[in-house]
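**Q** This is the structure I want to talk about, given as structure tokens.
2 protein chains.
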Amino acid sequence: MNWKFSERAENAKTSEIRELLKISGAPGWISLAGGYPDPALIPCEQLAEIAKEVVVNQGRKSLQYGATEGVLPLRETLLRIEAEGNANNLELDNVIVTTGSQQGLDLLAKIFLNPGDKIIVEAPSYLGALQAFSFYGAKFITVPLDENGIKTDLLRKKLKRNRKVKFIYLVPTFHNPAGGTLSLERRKETLELSQEFEIPVIEDDPYSKIRFEGNNLPSLLSIAGTEQVIKLGTFSKIISGGFRLGWMVGAKELIKKAVLAKQSSDLCSPALTQYLADEFIKKGLMEDYLKVVKREYRKRRDTMIQALEKHCSKRAKWTKPEGGLFVWVETPGIDTDKLFEKAKEKKVAYVPGSAFYPYREDRCHMRLNFSLPSCYEVEEGISRLGELLSVA
Amino acid sequence: MNWKFSERAENAKTSEIRELLKISGAPGWISLAGGYPDPALIPCEQLAEIAKEVVVNQGRKSLQYGATEGVLPLRETLLRIEAEGNANNLELDNVIVTTGSQQGLDLLAKIFLNPGDKIIVEAPSYLGALQAFSFYGAKFITVPLDENGIKTDLLRKKLKRNRKVKFIYLVPTFHNPAGGTLSLERRKETLELSQEFEIPVIEDDPYSKIRFEGNNLPSLLSIAGTEQVIKLGTFSKIISGGFRLGWMVGAKELIKKAVLAKQSSDLCSPALTQYLADEFIKKGLMEDYLKVVKREYRKRRDTMIQALEKHCSKRAKWTKPEGGLFVWVETPGIDTDKLFEKAKEKKVAYVPGSAFYPYREDRCHMRLNFSLPSCYEVEEGISRLGELLSVA
Chain A
784 MNWKFSERAE NAKTSEIREL LKISGAPGWI SLAGGYPDPA LIPCEQLAEI AKEVVVNQGR
844 KSLQYGATEG VLPLRETLLR IEAEGNANNL ELDNVIVTTG SQQGLDLLAK IFLNPGDKII
904 VEAPSYLGAL QAFSFYGAKF ITVPLDENGI KTDLLRKKLK RNRKVKFIYL VPTFHNPAGG
964 TLSLERRKET LELSQEFEIP VIEDDPYSKI RFEGNNLPSL LSIAGTEQVI KLGTFSKIIS
1024 GGFRLGWMVG AKELIKKAVL AKQSSDLCSP ALTQYLADEF IKKGLMEDYL KVVKREYRKR
1084 RDTMIQALEK HCSKRAKWTK PEGGLFVWVE TPGIDTDKLF EKAKEKKVAY VPGSAFYPYR
1144 EDRCHMRLNF SLPSCYEVEE GISRLGELLS VA
Chain B
784 MNWKFSERAE NAKTSEIREL LKISGAPGWI SLAGGYPDPA LIPCEQLAEI AKEVVVNQGR
844 KSLQYGATEG VLPLRETLLR IEAEGNANNL ELDNVIVTTG SQQGLDLLAK IFLNPGDKII
904 VEAPSYLGAL QAFSFYGAKF ITVPLDENGI KTDLLRKKLK RNRKVKFIYL VPTFHNPAGG
964 TLSLERRKET LELSQEFEIP VIEDDPYSKI RFEGNNLPSL LSIAGTEQVI KLGTFSKIIS
1024 GGFRLGWMVG AKELIKKAVL AKQSSDLCSP ALTQYLADEF IKKGLMEDYL KVVKREYRKR
1084 RDTMIQALEK HCSKRAKWTK PEGGLFVWVE TPGIDTDKLF EKAKEKKVAY VPGSAFYPYR
1144 EDRCHMRLNF SLPSCYEVEE GISRLGELLS VA
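Protein chains in written order, with the working numbering: chain A, 784 to 1175; chain B, 784 to 1175.
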């Protein structure tokens, strides 16, 4: 058959990161390239008991198709979680459960984007979002960020120059890949701009509960509400990536569209994992798990920062994130795409920074992950990187 | 905020069936409108044990992100299942696990359809497919079917008249909603036409394992292979709808595109439910479950057919399916959309046939489900329908 694919499918390219993650799983490699939580920290035995309980107690419900919006007890729990984060006045119709927050991104692209529509993203930005938006023909307008998040003065300029922007997409807290957090002042400025130009903000928030230092900042949602902000959450980093569960909070009118889009995407997310997540939270296990995660990730981050100071300080600078999963390393004058060829010889993997720019316009950064590798692997990996950088 | 949605989202409408299913869940109602399997037949206790086992034994793997293509043991199991159905010579790269077969439909739309592209569907056709394809701007060309499936003489005519058709979408076995099965002769004719006009066939096959009468027919995939056929399967009817697991078999080139599309849709399907499904099958429980399902559904179908003969024979005709979940009732001269207003008074729900036509061009059919209601409910529901029809 001579397959006649859609334009979007013809344009889609195999992600190099996927290939990179595949090779870096081989023996002898140390991978700082992943973006995964460490499943060894999950309390498997307790979760196993809950899994059994849920199937016995919720048998028919957990094994049947559920509502597209998500199962009721979990949606109620989500409202409670959001209220704890000071996003108040939300009702059930403001929330939909998604098959991971990746589906949230896909649904937002589906309901907002006509081919060629302009959107604003940070530079760098989350790769999965760039992929989801690309699939629907988005045209990216990028705004640089620093350790305090998106540069609001530049955001204003771009908004002035581009009147038909569909939305502003941000990862305000513990940015992926850049590690930084949008400051309170810039949060307010961003929301003022959103209001002034009537452009909604998507607040992608996978990491805010993994803060191991400093003070919590209010979410954009809690400041401006659903009339301006659409917030994406996920259980992937705070319970399990294997559940494939996230959620979206937004205006009722918008959630209605998301429900329609989701219905044609996968009808509903698995009822079984929804009940599991809900029980895990209700038994207080998520809070316990988060304590373990924060203690452990902090240790690994400290190890990574110390190793960077020891092995890489002559050729690189880096962020020191107060939470999340990533350190963002700048390597002035060194092309990290090219360097990766040499990294293969040393069997150490990172993600070249260019992957996080829609037009690959930056070549002197790399993203390092500290949540999955052990402290030993972090130290050894950075030592190998140091050797690479010293001769680059 | 003045939300500016995409054209596809602006055009999407709330499914009336959703509303209908909501009201028909109220006390006193008898619903023959659903399309769900009966979860009471699932061996919950055994499944609960497996759930516990999987989390303990596969802990880290089952709770982590998995490969976009699906977890390896399940993909191997799927190849074995397909080989049992005589789809041979398949390799791992011919199969991808999907979040229900609804996602398979969405991914196919994503990788094949530019807005305005023509596709051929049966009239009537599966509602979820019509929704998924609509979302990507499909233009539907319909070909009528009878109890032996799509009318191949008319298919030829439509193919001759429309040269740029992207694919032919069929539910060949125990059609939803029409109940019938594509005969062997027409299977061969359909595939000859597919070859002659170089148009791939999507074989959506949720029901073939629920045959309680007659002989199995070869799947289109087993006759013509992946160069012509893309096959969708699902665990929703043969294990549990709450797992949200299906699969797609196709040419490697096509599966590669589906993997890319899925990556941006939801990264991967839940590893947990994939391991669960795999263990359920490996322990032989799926085969046991299918025996129970077939025995029970046959009884309910027989009850439905007898009740139709008793209460409705003066004003209606119907199919007698050899498997699956549905009976398709023709009501000459009676508008089933309008009749539904009266059905509300009697508290009996069916799905009006117009829902299964892309342009709602038929008004004298209804779909009845016999898998979820008990025999008592089937008898009582049809009796209420009979009263309605007698005064229509």
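Beta carbons are placed, not taken as given, at the ideal position from N, Cα and C, and that holds for glycine.
1) Just to confirm, is the Cβ distance from Ile-1117 (chain B) to Leu-1155 (chain B) under 9 Å?
2) What is the DSSP secondary structure of Glu-966 (chain B), counted as helix, strand or coil?
3) Below 7 Å on C-beta distance, what does Thr-882 (chain A) contact in chain B?
4) Kindly list the residues whose CB is nearer than 8 Å to the CB of Glu-1113 (chain B), restricted to its own chain and excluding five residues on each side of it in sequence; keep chain order.
5) Can you give the Cα-Cα distance for Trp-1030 (chain A) and Phe-980 (chain B), rounded to whole angstroms?
6) Using a Cβ-Cβ cut-off of 8 Å (strictly less than) and excluding sequence neighbours within five positions of Leu-1073 (chain A), which residues of its own chain qualify?
7) Curious, which full-length alpha helix (DSSP H) runs of at least 4 residues does the stretch 996-1061 of chain B contain?
8) Are the C-beta atoms of Leu-956 (chain B) and some chain A residue less than 9 Å apart?
9) Taking Tyr-1058 (chain B) as the reference, which of B:Gln-841, B:Ser-789, B:Leu-804 has the closest Cα?
10) If we cut at 9 Å on Cβ distances, does Leu-1037 (chain B) have a partner in chain A?
11) Using a Cβ-Cβ cutoff of less than 7 Å, which residues in the same chain neighbour Gly-899 (chain B) once the five nearest sequence positions on both sides are dropped?
12) Please report whether the beta-carbon of Gly-1024 (chain B) lies at a distance below 9 Å from any beta-carbon of chain A.
13) Alpha carbon to alpha carbon, how far is Asp-929 (chain B) from Pro-1115 (chain B)?
14) If contact is defined by three or more beta carbon pairs under 8 Å, each pair taking one atom from either stretch, is the stretch 1161-1169 of chain A in contact with the stretch 1082-1092 of chain A?
15) Please confirm whether Lys-1065 (chain B) has its beta-carbon closer than 9 Å to some beta-carbon of chain A.
16) Could you name the residues of the same chain whose beta carbon sits closer than 8 Å to that of Lys-971 (chain B), not counting the 5 residues immediately before and after it, in chain order?
17) Please report the residue range of the beta strand (DSSP E) in which His-1094 (chain A) lies.
18) What number of angstroms, rounded off, separates the C-alpha of Ala-1041 (chain A) from the C-alpha of Leu-888 (chain B)?
19) Can the beta-carbon of Asn-931 (chain A) be found closer than 9 Å to that of Arg-969 (chain A)?
20) Which residue from A:Ile-806, A:Tyr-819, A:Arg-791 puts its Cα closest to that of Leu-1050 (chain B)?
21) Tell me whether the beta-carbon of Thr-956 (chain A) lies closer than 9 Å to the beta-carbon of Tyr-990 (chain A).
22) Any residues in the stretch 893-923 of chain B with a beta carbon nearer than 8 Å to a beta carbon of chain C? Which ones, in chain order?
23) When DSSP labels each residue in this structure, what does Val-948 (chain B) get in the three-state scheme?
24) Could you check whether Leu-862 (chain A) and Ile-903 (chain A) sit closer than 9 Å to each other, using their CB atoms as the reference points?
25) Check whether chain B comes within 9 Å of Phe-788 (chain A), counting only Cβ atoms and requiring the distance to be less than that.
26) Check whether the Cβ atoms of Asn-869 (chain B) and Ser-1002 (chain B) sit closer than 9 Å, and answer yes or no.
27) Where does the unbroken beta strand (DSSP E) through Ala-906 (chain A) begin, and where does it stop?
28) Who are the Cβ neighbours of Ile-982 (chain A) in its own chain at under 8 Å, not counting the five residues just before and after it?
29) Which full runs of the alpha helix (DSSP H) of 4+ residues lie inside the stretch 788-842 of chain A, going along the chain?
30) Rounded to whole angstroms, what's the CA-CA distance from Ala-796 (chain B) to Leu-1015 (chain A)? Just pull it up for me.
31) In terms of DSSP beta bridges, what is Pro-927 (chain B) paired with?
32) Closest to Glu-828 (chain A) by C-alpha separation, out of B:Glu-790, B:Arg-843, B:Pro-822, would be which residue?
33) On a Cα-Cα basis, can you pick out the residue from A:Val-854, A:Gln-1011, A:Ser-1023 that is closest to Lys-1035 (chain A)?
34) Using the DSSP secondary-structure output, state which residues sit across from Arg-1150 (chain A) in a beta bridge.
35) Do you know whose CA, among B:Glu-859, B:Leu-1028, B:Pro-1104, B:Tyr-848, lies nearest Gly-883 (chain B)'s CA?
36) Roughly how many angstroms separate the alpha carbons of Ile-800 (chain B) and Ala-1138 (chain B), rounded to a whole number?
**A** Answer, in terms of the structure:
1) no
2) Reading off the sequence, residue 966 (chain B) comes out as Ser, not Glu. Reduced to three states, the DSSP call for Ser-966 (chain B) is coil.
3) Thr-882, Asp-1049
4) Ala-1099, Lys-1100, Trp-1101, Cys-1147, His-1148
5) 44 Å
6) Lys-992, Ile-993, Ile-1021
7) 1003-1007, 1035-1049
8) According to the sequence provided, residue 956 (chain B) is Thr. The question's Leu does not apply to it. Not an interface residue.
9) B:Gln-841
10) yes
11) Gly-920, Lys-922
12) yes
13) 16 Å
14) yes
15) no
16) Ile-1006
17) First-last for His-1094 (chain A): 1068-1095, but that is the alpha helix (DSSP H), not the beta strand (DSSP E).
18) 18 Å
19) yes
20) A:Tyr-819
21) yes
22) Given the protein chain composition of this structure (A and B), no chain C is represented.
23) strand
24) no
25) yes
26) yes
27) 901-906
28) Ile-903, Leu-942, Val-948, Lys-949, Phe-950, Ile-951, Leu-976
29) 790-794, 799-806, 827-840
30) The amino acid at residue 796 (chain B) is misidentified as Ala; the sequence shows Lys. Approximately 24 Å between the Cα atoms of the pair.
31) B:Ala-906
32) B:Arg-843
33) A:Gln-1011
34) A:Trp-1111, A:Val-1134
35) B:Leu-1028
36) 8 Å
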